[in-house]
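The structure under discussion appears below in the form of structure tokens.
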Amino acid sequence: AQKVTQAQTEISVVEKEDVTLDCVYETRDTTYYLFWYKQPPSGELVFLIRRNSFDEQNEISGRYSWNFQKSTSSFNFTITASQVVDSAVYFCALSGQTSGSRLTFGEGTQLTVNP
Amino acid sequence: GAVVSQHPSRVICKSGTSVKIECRSLDFQATTMFWYRQFPKQSLMLMATSNEGSKATYEQGVEKDKFLINHASLTLSTLTVTSAHPEDSSFYICSARGGTANSPLHFGNGTRLTVT
Chain Y
3 AQKVTQAQTE
13 ISVVEKEDVT
23 LDCVYETRDT
33 TYYLFWYKQP
43 PSGELVFLIR
53 RNSFDEQNEI
63 SGRYSWNFQK
73 STSSFNFTIT
83 ASQVVDSAVY
93 FCALSGQTSG
103 SRLTFGEGTQ
113 LTVNP
Chain A
1254 GAVVSQHPSR
1264 VICKSGTSVK
1274 IECRSLDFQA
1284 TTMFWYRQFP
1294 KQSLMLMATS
1304 NEGSKATYEQ
1314 GVEKDKFLIN
1324 HASLTLSTLT
1334 VTSAHPEDSS
1344 FYICSARGGT
1354 ANSPLHFGNG
1364 TRLTVT
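Chains as they are written, first to last, in my numbering: chain Y, 3 to 117; chain A, 1254 to 1369.
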């Protein structure tokens, strides 16, 4: 069985602060993919990143960075210098080799960035 | 980039009626499509997986006779909510994948269904 845990239900920060969203996963698959999606109030899912289980390199994309640590089964997401437009629900998700492309989503973290 | 179009974006219907939601892959052939449901302030739950030309595979607890899924072509899957009830009110979102298991997933913009 697969499981994704996002322990932070809601986070509130002030603009320009850095914020880290935690994600811990469980899977028995040796090959799997991890994802982060952003869901703004309008509802659509915006793809942010996909990382496969063999690639533990951290990634940076502009103000976004991701820290993948297999040893702790974590795939944390950091937003640097947060902006009001970053306010959204962020989902971490997992798909394992035995589940095809069926994603298991975490419960989501509501991020509110205040001006 | 690849685009998945979902229509309608918003629908209000009366109890007892049926509603059809379309999910189209616009610039790629989607061999597999997934339908998710999201209640307010909750996560996305997979309802079913549909493969082109075959019957959909439903997740445990999802009524296949209530949520009819058709994936008749490589670019279109439809979800029909039959005999809708107010408790079916939810956000339904589809995703589509290309030819291989490693192909990335693309999500539609979702359909907000309200049953009155």
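The beta-carbon is built from N, C-alpha and C at its ideal position, and this holds for glycine as well.
Quantities reported herein were computed from a predicted structural model and do not represent experimental measurements.
Can residue i and residue j be called in contact, C-beta distance under 9 Å?
{"i": "residue 1295(A)", "j": "residue 1363(A)", "result": "no"}
{"i": "residue 1288(A)", "j": "residue 1322(A)", "result": "yes"}
{"i": "residue 110(Y)", "j": "residue 30(Y)", "result": "no"}
{"i": "residue 1310(A)", "j": "residue 1276(A)", "result": "no"}
{"i": "residue 79(Y)", "j": "residue 68(Y)", "result": "yes"}
{"i": "residue 113(Y)", "j": "residue 13(Y)", "result": "yes"}
{"i": "residue 1257(A)", "j": "residue 1361(A)", "result": "yes"}
{"i": "residue 35(Y)", "j": "residue 53(Y)", "result": "yes"}
{"i": "residue 47(Y)", "j": "residue 1274(A)", "result": "no"}
{"i": "residue 89(Y)", "j": "residue 42(Y)", "result": "yes"}
{"i": "residue 1283(A)", "j": "residue 1350(A)", "result": "yes"}
{"i": "residue 1344(A)", "j": "residue 45(Y)", "result": "yes"}
{"i": "residue 1358(A)", "j": "residue 1278(A)", "result": "no"}
{"i": "residue 8(Y)", "j": "residue 93(Y)", "result": "yes"}
{"i": "residue 96(Y)", "j": "residue 49(Y)", "result": "no"}
I want to verify the contact list: residues of chain Y whose CB lies under 7 Å from the CB of residue i, in sequence order.
{"i": "residue 1346(A)", "result": "47"}
{"i": "residue 1290(A)", "result": "Within 7 Å Cβ-Cβ: nothing; residue 1290(A) doesn't reach chain Y, min ~11 Å."}
{"i": "residue 1363(A)", "result": "45 and 46"}
Run through chain A and tell me which residues come within less than 7 Å of residue i, C-beta to C-beta.
{"i": "residue 53(Y)", "result": "Within chain A, no residue comes near residue 53(Y); the closest Cβ sits about 12 Å away, beyond 7 Å."}
{"i": "residue 118(Y)", "result": "Absent from the structure is residue 118(Y), since the part of chain Y shown begins at 3 and ends at 117."}
Using a Cβ cut-off of 8 Å, pull out every chain Y residue sitting near residue i, in sequence order please.
{"i": "residue 1360(A)", "result": "39, 46, 47 and 49"}
{"i": "residue 1287(A)", "result": "103, 104 and 105"}
{"i": "residue 1357(A)", "result": "49 and 52"}
Rounded C-beta distance between residue i and residue j? I'm assuming under 8 Å.
{"i": "residue 1299(A)", "j": "residue 1312(A)", "result": "5 Å"}
{"i": "residue 17(Y)", "j": "residue 115(Y)", "result": "6 Å"}
{"i": "residue 26(Y)", "j": "residue 101(Y)", "result": "Going by Cβ atoms, the distance from residue 26(Y) to residue 101(Y) rounds to 18 Å, so no, they are not a contact pair."}
{"i": "residue 4(Y)", "j": "residue 28(Y)", "result": "7 Å"}
{"i": "residue 1368(A)", "j": "residue 1262(A)", "result": "Rounded, the Cβ-Cβ distance is 16 Å, inconsistent with contact."}
{"i": "residue 1348(A)", "j": "residue 1366(A)", "result": "With 8 Å as the limit, residue 1348(A) and residue 1366(A) do not qualify as a contact, their Cβ atoms being about 17 Å apart."}
{"i": "residue 1(Y)", "j": "residue 87(Y)", "result": "Here chain Y has residues from 3 to 117 only, and residue 1(Y) is not among them."}
{"i": "residue 1303(A)", "j": "residue 1286(A)", "result": "5 Å"}
Using the beta-carbon of each residue, which ones in chain A are nearer than 8 Å to residue i?
{"i": "residue 63(Y)", "result": "Near residue 63(Y) there are no residues of chain A at all, since even the closest Cβ is about 15 Å away, more than 8 Å."}
Along chain Y, in chain order, which residues have C-beta atoms closer than 9 Å to that of residue i?
{"i": "residue 1302(A)", "result": "102, 103 and 104"}
Taking only beta-carbon positions, decide if residue i is within less than 9 Å of chain D.
{"i": "residue 77(Y)", "result": "The chain inventory of the structure shown lacks chain D, comprising the protein chains Y and A."}
Task: Interface residues of the region 1269 to 1285 of chain A facing chain Y [CB-CB below 8 Å] - done: So the list reads 1285, given in the order they occur along the chain.
Open item on the list: Across the region 53 to 63 of chain Y and the region 100 to 112 of chain Y, are there enough close Cβ pairs to call them in contact, namely three or more that are closer than 8 Å?
Closed with: Touching, no.
TODO: Flag this pair as touching only if the region 1306 to 1321 of chain A and the region 1329 to 1338 of chain A have three or more C-beta atom pairs under 8 Å; answer yes or no.
DONE: Put simply, the region 1306 to 1321 of chain A touches the region 1329 to 1338 of chain A. At least three CB pairs are less than 8 Å apart.
Task: Within 9 Å of chain A by C-beta, residues of the region 88 to 113 of chain Y in sequence order - done: When C-beta distances to chain A are compared with 9 Å, the residues of the region 88 to 113 of chain Y below that value are 91, 93, 95, 97, 99, 102, 103, 104, 105, 106, 107, 108, 109, 110 and 112, in chain order.
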